[in-house]
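Undergrad: Sharing a structure below in structure tokens format, with a few things to ask.
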Amino acid sequence: MILTNLLTVVNNADEIYHGLIAILDDHSAIVKCWAISGLCFLGRKYPSKNKHILRRLSKLETDTSIAVRHRAATAMKVLLNNHLPMPGGWIKSKRRE
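Right, here's the structure in full:
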């Protein structure tokens, strides 16, 4: 969540992107879920990253955690459909809306 919050104050999307991608390999489903949310916010702000984000999120369709699978599926839907809003529970800062 901290990396995602940095998107609102600094312009270092590449570093944040690589950090969030690396976190997807964490053991914790909670950590992975927040990384997925962060990548979704990043993809909305920087659409040029979506192709790479979607490719990586699709690999989580077989994750052992149902929460991770669900979060990844939701993020992919949001990134593929610009008219869909970000899930309300993912928004922790009004600056990211």
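Letter by letter, the sequence shown follows residues 999 to 1095 of our numbering. Just so you know, even glycine gets a beta-carbon here, dropped at the ideal spot from N, CA and C.
1. In angstroms, rounded to a whole number, what distance separates the CA positions of H1068 and N1009?
2. The ligand MG and M1074: does any heavy atom of the ligand fall closer than 7 Å to the residue's C-beta?
3. Which of helix, strand or coil does DSSP assign to Y1044?
4. Sorted by chain position, which residues of the same chain lie with C-beta nearer than 6 Å to S1035's C-beta, five sequence neighbours on each side aside?
5. Looking only at its chain, what residues have a beta carbon closer than 8 Å to the beta carbon of L1082, apart from the 5 residues adjacent to it on each side?
TA: This is what the structure holds:
1. Roughly 29 Å between the two C-alpha positions.
2. Looking at this structure, you won't find the ligand MG or any other ligand, since it has none at all.
3. Three-state DSSP puts Y1044 in coil, outside helix and strand.
4. Leaving aside the five residues that flank S1035 on each side, the residues in its chain whose CB is nearer than 6 Å to its CB run, in chain order, W1088.
5. Excluding positions up to five away in sequence, the list reads K1075, V1076.
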